[in-house]
Amino acid sequence: MDGSHAAPDDAGIAAAGRASLAAQLRQLEDFAARAASEGESVPPQATEMIAHLREIVQALDGLTASMTEPATRRDPNASDAPGPARPDDAA
10 MDGSHAAPDD AGIAAAGRAS LAAQLRQLED FAARAASEGE SVPPQATEMI AHLREIVQAL
70 DGLTASMTEP ATRRDPNASD APGPARPDDA A
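Rendered as structure tokens:
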């Protein structure tokens, strides 16, 4: 593979990995909410892990989206405006 686009099953693998991490994130968020509602303190490691998992899940969302975009995607810096006229162009 040359890296220009992913194989169709690569996106599915990335999505499955994302789903697993998202489930772990929900479990940690539930734990933190339950602990807070019971008046217990949430360990700093849990709060840090929640923040990191959120970042990872968001990054995987972007990766999965980029893997499913068509390979012929337009250049985001391209312009539809015509370039300057050349002297030999017909009027």
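Per our numbering, residue 10 is the first one in the sequence shown, and the count goes up by one each step. Ideal placement from N, C-alpha and C gives every residue a C-beta, glycine not left out.
Check: Close Cβ partners of L72 (< 7 angstroms) along its chain, the five nearest in sequence each way excluded; Outcome: A23
Check: Nearest-angstrom beta carbon gap, M58 and L30 [assumed within contact, 8 angstroms]; Outcome: About 11 angstroms; that fails the 8 angstroms criterion.
Check: CB of V51 within 7 angstroms of CB of A60, strictly; Outcome: no
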